[in-house]
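According to the numbering used here, the sequence shown is numbered sequentially starting from 473.
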Amino acid sequence: MKAMQNLQTVLDQRLELISTYFDRLTPRDRVLAIFLVIFVLVSSIGAALWYTHAAAEKQQKRVNQLKETMTWMQSNAVTMKSSSDGQLTPMEQIQRIAQHQGLSVASQQNAEQIQLVVSHANYVVLANFLTQLTQNGLSIEKMELVSDAGQIKLSASVK
473 MKAMQNLQTV
483 LDQRLELIST
493 YFDRLTPRDR
503 VLAIFLVIFV
513 LVSSIGAALW
523 YTHAAAEKQQ
533 KRVNQLKETM
543 TWMQSNAVTM
553 KSSSDGQLTP
563 MEQIQRIAQH
573 QGLSVASQQN
583 AEQIQLVVSH
593 ANYVVLANFL
603 TQLTQNGLSI
613 EKMELVSDAG
623 QIKLSASVK
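Structure below.
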């Protein structure tokens, strides 16, 4: 309670000093002083809000970037394997490459060969898929491309 009373008396003394100072000013100077005080208060509040807004925008950009990173990590979590998983089978390699290319593959294994069927609208995507297969050590024994209703259907035998 004593601290509150001390604070109250200090505030009263300061307000009394300001009041006597304003009383000594001419009316024109009083108006200018009041406008100056209002201008300083509005400017300081505006600056505080501006910096807060800038910081919020920066954090929002960071959140969006982290969301994009999380989405990317979740979409690639299936394809990422640790080095302890060992060598992938040819079927797993085909599925992984197709997933990286955004393709769905229908595949069937017959002895050592794998029959696969892939469809896509863009020939370049299919060519890239085949390139990835060969770069991963798979050899293409037989291949057939058929254009059907805007889609290119790739049928291949891979060993």
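Note that the Cβ used here is the ideal one computed from N, Cα and C, for glycine as well.
Check                                                                                                                               : Outcome
Could you tell me which residues DSSP pairs with LEU617 in its beta bridges?                                                        : LEU626
With a cut-off of 8 angstroms, do at least 3 Cβ pairs link the segment 562-578 to the segment 588-604?                              : yes
Could you tell me which of ALA621, SER629, ASN608 sits nearest to LYS614, measuring between CA atoms?                               : SER629
Please confirm whether VAL577 and VAL590 have their CB atoms less than 7 angstroms apart.                                           : yes
What does a CB cutoff of less than 8 angstroms around MET476 pick up in its chain, not counting 5 residues either side in sequence? : none
Take LEU588 as the anchor and find which of LEU617, ALA621, ASP495, LEU560 has the nearest alpha-carbon.                            : LEU617
Quick one: what's SER591 bridged to in DSSP?                                                                                        : LYS625
I need the DSSP call for GLN559, collapsed to helix, strand or coil.                                                                : coil
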